[in-house]
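Q: So the sequence shown is residues 112 to 186, counted in our numbering.
Here's a structure for you.
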Amino acid sequence: MGNIAGVKRDFKALEKRRLKGLKLRREGMPRSEVARRLGVSRHAVRQWEKQVEEGGEEAVLWNGRSGRLPRLMES
Numbered sequence: 112m113g114n115i116a117g118v119k120r121d122f123k124a125l126e127k128r129r130l131k132g133l134k135l136r137r138e139g140m141p142r143s144e145v146a147r148r149l150g151v152s153r154h155a156v157r158q159w160e161k162q163v164e165e166g167g168e169e170a171v172l173w174n175g176r177s178g179r180l181p182r183l184m185e186s
């Protein structure tokens with residue numbers, strides 16, 4: 112699912128949604144119910160959990176960057 116050209120995403124809101132989903136999972140809510148409540152796929156919820164398992168909660172926080180890294184290198 113892509114973003115409409117020219118429409119900016121609210122990355123802090125997306126981060127907040129991920130953290131809420133993780134909190135609901137820690138409280139024992141099934142992945143499918145978390146996904147339904149937050150309007151995301153079960154796969155997305157699983158990805159958040161996997162990121163936290165591999166890198167801690169910081170892994171799902173917005174780091175201030177989005178999009179592709181620049182291809183040109185400074186010389």
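Just so you know, even glycine gets a beta-carbon here, dropped at the ideal spot from N, CA and C.
For G167, report the span of its alpha helix (DSSP H) as first-last.
A: Premise fails: G167 is in no alpha helix (DSSP H) and is neither H nor E.
Q: What's the call for A146, buried or exposed, on a 16-neighbour Cβ count within 10 Å?
A: It is buried - the Cβ of A146 has at least 16 other Cβ atoms within 10 Å.
Q: Using DSSP with H/G/I as helix, E/B as strand and the rest coil, what is G132?
A: Three-state DSSP puts G132 in a helix.
Q: Taking all protein chains shown into account, decide if G132 is buried (16 or more other Cβ within 10 angstroms of its Cβ) or exposed.
A: By the 10 Å Cβ count, G132 comes out buried.
Q: Report, in whole angstroms, the separation of the C-beta atoms of L130 and V156, which I expect to be a contact under 8 Å.
A: Actually they do not touch by this definition, with Cβ atoms about 12 Å apart.
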